[in-house]
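Here the structure is laid out as structure tokens; the discussion comes afterwards.
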Amino acid sequence: MITMHLYYTGPADNARAFAQEMEASGIADRIRQQAGNTRYQYFAPLDDPHSILLVDSWTDQAALDIHHASPMMQEILDLRSKYQLTVTAERYKSDEAGIPEQDKDFLQR
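To convert, note that position 19 of the sequence shown is 19 in full-length UniProt numbering; the numbers rise steadily by one, no gaps.
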């Protein structure tokens, strides 16, 4: 599993408007329906009104590569440009061993 944290930042409330348009236009739903996508969800940081966090997860690199080659990427780039956004990214790969026993005590179930 590959998870990307994408931080979209721009002037005023442009990042939130971008996320709203991604949802309203159906682009986000089309991405969620792509083979290999397991999560595509926007979050608003409480301490940063100019940013939106996208958590985007894929089963493997091949699925992510297909997404990056899809026509939707140009739609996303066009919206990023429209809203004058910059993006920073963090990439995570799932730990196949799972959560260590000593860490499970800190999780409420």
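Positions of the beta carbon are idealized from the N, C-alpha and C atoms, including for glycine. For clarity, every value in this text was computed on a predicted model and none was experimentally measured.
- Here residue 98 is exposed: its Cβ has fewer than 16 other Cβ atoms, across all protein chains shown, within 10 Å.
- Taking a 10 Å sphere around the C-beta of residue 106, we find fewer than 16 other C-beta atoms and assign the residue as exposed.
- By the neighbour-count definition (other C-beta atoms within 10 Å, threshold 16), residue 42 is a buried residue.
- A distance below 6 Å between beta-carbons, with the five flanking residues on each side excluded, links residue 32 to the following residues of its chain, in chain order: 40.
- A residue is called buried once 16 or more other Cβ atoms fall within 10 Å of its Cβ, and residue 28 is buried on that count.
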